[in-house]
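First to last, the protein sequences are chains Z and P. No gaps in the numbering here: position 257 of the first sequence is 257 in this note's numbering, and each next residue is one more. No gaps in the numbering here: position 734 of the second sequence is 734 in this note's numbering, and each next residue is one more.
Number of protein chains: 2
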Amino acid sequence: MNEYIKNDPWRIIEERFLPERVRAAESLFSIGNGAMGQRGNFEETYTGETLQGSYIGGVYYPDKTRVGWWKNGYPEYFAKVLNSAFWIGIRVRVNGVEIDLAKLKVKDYYHELDMKQGTLSRSFTVEVPQAGDVRIESTRFVSMKRTELGAIRYSITALDSDTQAEICPYIDADVRNEDANYNEKFWEFVSNTPLSVTMKTLKTGFGVCWAMENVLDGATFDNRTEGELVMQCTTVPLKKGEACTLYKYVGICSSLNHAQDRLAEAAADVAREARGAGFDTLLAEQVQAWAEKWAGCDIVIEGDDQAQQGIRYCIFMLLQTYTGKDSRLNIGPKGFTGEKYGGSTYWDTEAYCIPFYLATQGEEVARQLLIYRYNQLDKAIENAAKLGFRDGAALYPMVTMNGEECHNEWEITFEEIHRNGSIAFAIYNYIRYTGEQKYLADYGLEVLIGIARFWAQRANFSPEKNKYVILGVTGPNEYENNVNNNWFTNYIARWCMEYALEAAWWVRENSPADWERIKAKRFFNLETEGRQWAAIIENIHLPEDKQAGIFLQQDGYMDKEQILVEDLDPAERPLNQKWSWDRILRSCFIKQADVLQGIYYFQNRFSPEQIERNFRFYEARTVHESSLSPCVHSILAAKIGDMDKAYELYLRAARLDLDDYNRENEEGCHITSMAGSWLSVVEGFGGMRADGGHLSFTTSLPPNWKAFAYKIIYRGRIVNVRVSTSGTEVTLDSGEPLEITVNGEPRLIK
Amino acid sequence: MNEYIKNDPWRIIEERFLPERVRAAESLFSIGNGAMGQRGNFEETYTGETLQGSYIGGVYYPDKTRVGWWKNGYPEYFAKVLNSAFWIGIRVRVNGVEIDLAKLKVKDYYHELDMKQGTLSRSFTVEVPQAGDVRIESTRFVSMKRTELGAIRYSITALDSDTQAEICPYIDADVRNEDANYNEKFWEFVSNTPLSVTMKTLKTGFGVCWAMENVLDGATFDNRTEGELVMQCTTVPLKKGEACTLYKYVGICSSLNHAQDRLAEAAADVAREARGAGFDTLLAEQVQAWAEKWAGCDIVIEGDDQAQQGIRYCIFMLLQTYTGKDSRLNIGPKGFTGEKYGGSTYWDTEAYCIPFYLATQGEEVARQLLIYRYNQLDKAIENAAKLGFRDGAALYPMVTMNGEECHNEWEITFEEIHRNGSIAFAIYNYIRYTGEQKYLADYGLEVLIGIARFWAQRANFSPEKNKYVILGVTGPNEYENNVNNNWFTNYIARWCMEYALEAAWWVRENSPADWERIKAKRFFNLETEGRQWAAIIENIHLPEDKQAGIFLQQDGYMDKEQILVEDLDPAERPLNQKWSWDRILRSCFIKQADVLQGIYYFQNRFSPEQIERNFRFYEARTVHESSLSPCVHSILAAKIGDMDKAYELYLRAARLDLDDYNRENEEGCHITSMAGSWLSVVEGFGGMRADGGHLSFTTSLPPNWKAFAYKIIYRGRIVNVRVSTSGTEVTLDSGEPLEITVNGEPRLIK
């Protein structure tokens, strides 16, 4: 374990300046407000290794696909989130020497992300030639309340002598994506003023304006305006021991929310209003907004400080990545912490993130994520049509920004189709938790019909097996490609058709007007299509190994050499770095939960013995070389009472980024898998289930924890669960009384 | 059918100048001499759409791999043949107007490739403003005798008036590959003289010098030497009706055959000697050399002019692509006609080309192709080691120049491992035809051991099946990826181990010194390794469908929807342009012979009924979307007596390029599949077999042919086979008497 980050329940603290850690720390210390985000870059000049990263949700660019060998059906573009203007910049020269941590000696470095209030602070002393020690302290945040605002307080103190400082806050919009496929720039210059710069994305034409207001007591600024760079400079005396403080307020407005020709005005307004309110007021708003966020979702762990810090970090990062205010946005695997994976939407959202937001931020927030997919249904139908499907069959993309497929590996893009199942499952999961059946009539059924149609066309009848089969797929375990009859895929395909039928009947019975509208809009014929679906539901091939009493990951899995993970030479791990791809593919080793993902989704349908047998079989073969893997295994381990295993798997997930297990923090944090860590606590140890409109808890305490407590929002209530060695208490923080079950016993909480 | 090319038994003739056909015609009119080749580009300036292409066998560049998503094990580079200096260039200005067919009106255009003598000629008249009609005639060849020489005769005649011409022969070495992955230039300038330029390839450091000698009666040249461009200019009077003729002799010498510091001298020598000999002498040498080439290999078809022209074109192109003089060279899929596929070696060589060269150019030529692989054995062992194989197991690359793998699609690179089988089969095939068992002791056994070791490690035992299985492969039918137990792969894997054992015993018995040497060099233990191989040989899984009486392409093939090619909507063809890749993969449609490739290789092991059942089943599902596909099917169709099918499939192959079926001639011709066309005639209709050291012919005549005749070289003899409606005659052109079988009856030919 890497103990670089200091332990603290509410703060992420870095106490040393290590140049080789700067890029990784920039990822960890990212801040965001759902609408935009900023990596933990330094305000002042830094000429060392860095990834300057500033991202605006929903502002993307379709980068031309790069492949080795083109396959028919590949998308032309990968829509990726854009690295955008560096708005935090403050150039500082003391006695003519530029402050640059890569070049000066640094002392007393302290870097803190305060998760309780959503602020990032940094302080350090640098030795400036001919000026002596200079102390710098900064605090910044992107406002949760004013979602188009970033604010910075930046203080400079000369500790050893009177001297002079030139201070130049600036916005630099000459920015490129590090992951551009062809090294192209994605932005073009539109216009500037002394205090703002407006840019436009190529191809997509998103306009964004960054406007600043700078305040430094008693100082006046000279404007230096050079195209994409706008800067204001002032030279101020630094009296020994007296702090000189700059306040920088930046309004960031995009054409997602404003007319193109009003962007500069809108951004200037945001900055001016912030200046009017003042930093302290804005900070107070921020503290308040974050207190409200935490109210329904904190997790307290007693007796394990590292676990405490880890889980709060996960929750914090998720809360600042997505707020559910805009159904055009979603959650990229790296959130606002880096460029990798293009900032696009994956099935991570449905499988991991929706349960988190549903239980911590409420129905409305999670619902926006469902609406996001609803709004992209027609694109999913187009996507399926490109692959030869007809009549309104929908295949949601593997990776997307605007509903169009972006990914370009045939084994993933075309074949990892189980994602369609998770998108349907999220609808079911939402309704199960909220009780809002009407969602089916409003939005859900249309999506379910599209998905069920896809499965009905994608399955074919095998006379050989006298069964319906689904050939040529990649399951969640991406260490298999192009397999036949992946159990999880076939199982969820069947379930999708069942649920679509059930939903259709419900809407027909309960919402006749919607039923007529949907039937007409989607050319849906319940009789003929339903009959076809029913035939497949009744007779789909679900591979099993009866002797081992397990579901079989896919046809032919037992032909593989059956070696266990514990037999692997540690020098050969991780397999994806040590083995060639074909060797991984033909081995029995599993990247992430596959059969077990299905068992997790549909726990009630399997006996405890079935769950245990499958868990033992597959866990022994799973290498967890995906950040999304350990959480599902941890939940199932807790369910079968293997607390050591559950805890071991939980720990791998919860501090993955804080401890930089995989040495890849430089690229950003694993945002979506953080939701999996939360699930491990709440559904794993906390045993929370919401089946059949009834909340229940089957709890267990990891051996080294004294107690843990979590809060969830459930149908208008805040429910507080505390598990300790002396038992499980469930209380209501707010809301109407509720009948629940705790460890098998009914209770009424008030 | 596209009847653009005029029919002629010995010539390829183009009688129109069509700008949109220029690039395609450049491919068709390529010339070569085994050591180098030149596309049919125009000597004079051409500003229209063109691919200037000049290639030198063995001079390659490792271009950095380009992929979308990196997989562990991919090679860093794709070694590709280099487009090199444009040595044919002659800039012509008449009355100051540059001759450029893209800009002037062209009349009486005539383009001819004479296949009998290996020359390319072109004549045309252009209307030159203020000068009237100007007639140009050119003839060029790359010398078969002097393999470092190219020669051009270029005449200009002013038809309408006296005028002046500026004539500037040049060499331009500022050349790039159109298929460069990152648009980089692969050459650097070394030095020049007024008559030569020397270049060096980056990374690989191959040096090449091009040196010219220009002769134009009575003219003196001014030298214009500008780095990579060397040019000589002269201005001559053009008297109305009198031809002015330039002779250009170019020596092309590379560091493959000369010391780097002697390249300029060597190339100048070649050019000077050619100038000394004179064009007519060189041409006479060329005619003589080609007569010798054709002596043992012509095919005459009576009653089908198109088929006649088609098959001669195939033979001609193969003869000018590879001559067997240098074991460092091989046959790229496009030969010297284009850049596609990098000019690298594929299993095409073993499966198609070796039988052709063996029977038409003799043992020594074919043997060089075997030695090529022998010389790369250690690289094949390294290649296997990269994929996790040990102890001298060899996996030959899918695509290579120098023995290192170049290809970068995991499903091909890592999984299309049947290629290893064809490389072993070529050794068997060579010995079967030549009787030279000693090849095993000299070279063959070492290769066979490496290959057998690979298969023994690649198979694993499935307790489920109680059989050895080979998982995760791509068969010859590349419309399936990552399948289990591809019948062809398993069958040839078994055969490789059998043959390696047989070869080992033979060498042990017959060549004890070689046996000891090989055992020591390859750490080979016949007892232990042989026992392991024998276990797999005895018990390998070979999937069958007993009900249908066929071998099964792979496990699970019968789960696919069984549609036939005849049921496909023609609008959906070719599938590889109309269907997404996943749809192709899960369909039953077959790109090229797979099970049938195995049946073709091992015909004697199957009953006529087995061959017919498998042929009927698989032919009905084969879309032949590879140029390598129809020939094997044609041979088997002839074998089972379905002459209509055999002829239909033959025609698809034999005029593929001449008629530009696939509209892809621009990229070059399908050189390796031309060997397949030859096989269709000689092994298909001609029914030639050489099993068990005995030559036999089982002949059949396509319905619309009056007769056909072919020659083969067999163990020092030239054998002449003529099949007509009145029967089959087999005679000897030269060599010792031979007992053969003709249509089941023994004969002695003298």
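Ideal Cβ positions, reconstructed from N, Cα and C, are used throughout, including at glycine.
Taking all protein chains shown into account, decide if residue i is buried (16 or more other Cβ within 10 angstroms of its Cβ) or exposed.
i: N466 (chain P); result: exposed
i: K711 (chain Z); result: buried
i: Y182 (chain Z); result: exposed
i: L448 (chain P); result: buried
i: A243 (chain Z); result: exposed
i: L748 (chain P); result: exposed
i: W678 (chain Z); result: buried
i: D733 (chain Z); result: exposed
Report back the beta-carbon spacing between residue i and residue j to the nearest angstrom; my notes put them in contact at under 8 Å.
i: I152 (chain Z); j: R140 (chain Z); result: 4 Å
i: Y357 (chain Z); j: G324 (chain Z); result: 6 Å
i: N477 (chain P); j: P355 (chain P); result: Not confirmed; about 21 Å, so no contact.
i: W533 (chain Z); j: L440 (chain Z); result: No, W533 (chain Z) and L440 (chain Z) are not in contact; Cβ-Cβ is about 16 Å, not under 8 Å.
i: F697 (chain Z); j: V632 (chain Z); result: At roughly 19 Å, the Cβ-Cβ gap does not stay under 8 Å, so F697 (chain Z) and V632 (chain Z) are not in contact.
i: V128 (chain P); j: V94 (chain P); result: 5 Å
i: D659 (chain Z); j: L28 (chain Z); result: So it is not a contact: roughly 10 Å between Cβ atoms.
Is any beta-carbon of chain P found at less than 7 Å from that of residue i?
i: W487 (chain Z); result: no
i: L585 (chain Z); result: yes
i: M1 (chain Z); result: Because M1 (chain Z) carries a pLDDT of 41, less than 50, the predicted location of this residue cannot be relied on, and no value is offered for it.
i: L387 (chain Z); result: yes
i: N482 (chain Z); result: yes
i: E436 (chain Z); result: no
Counting contacts by CB-CB distance shorter than 7 Å, is residue i in contact with chain Z?
i: L568 (chain P); result: no
i: N41 (chain P); result: no
i: E736 (chain P); result: no
Residues of chain P with CB closer than 7 Å to the CB of residue i, please, in chain order.
i: T622 (chain Z); result: Per Cβ cutoff of 7 Å: no residues; T622 (chain Z) is ~19 Å from chain P at best.
i: K64 (chain Z); result: Ordered by position in chain P, no residue passes the 7 Å Cβ test against K64 (chain Z), which lies about 11 Å from the chain.
i: F414 (chain Z); result: S580, W581, D582
i: W410 (chain Z); result: W581, D582
Residues of chain P with CB under 9 Å from residue i, in chain order?
i: V67 (chain Z); result: R66, V67, G68, W69
i: N402 (chain Z); result: Chain P residues near N402 (chain Z): none, gap ~20 Å exceeds 9 Å.
i: G73 (chain Z); result: W579, S580, W581, D582, R583
By the criterion of Cβ-Cβ separation under 8 Å, what are the contact partners of residue i in chain Z?
i: E561 (chain P); result: N460, F461
Residues of chain P with a CB under 8 Å from the CB of residue i: which are they?
i: G472 (chain Z); result: D582, L585, R586
i: N576 (chain Z); result: N72
Identify the contact partners of residue i in chain Z, using a Cβ-Cβ distance below 7 Å as the criterion.
i: D754 (chain P); result: Because chain P spans 1 through 750 in this model, residue 754 (chain P) falls outside it and cannot be assessed.
So which residues of chain Z does residue i contact, with C-beta pairs closer than 9 Å?
i: M558 (chain P); result: S462, P463, E464, K465
i: V469 (chain P); result: G556, D559, K560
Within the segment 559-624 of chain P, ranges of the alpha helix (DSSP H) (whole runs, at least 4 residues):
575-578, 581-586, 595-601, 608-619
Every unbroken beta strand (DSSP E) within the segment 646-728 of chain Z, with a cutoff of 3 residues, ordered by chain
695-697, 707-714, 717-724
Quick one: complete beta strand (DSSP E) runs, 3+ long, within the segment 18-42 of chain P?
36-38
Which whole runs of the beta strand (DSSP E) in the segment 227-264 of chain P are 3 residues long or more, in chain order?
229-238, 243-254
Would you mind listing the alpha helix (DSSP H) stretches within the segment 373-435 of chain P that are 4+ residues and don't spill past its ends, in chain order?
377-386, 410-413, 419-434
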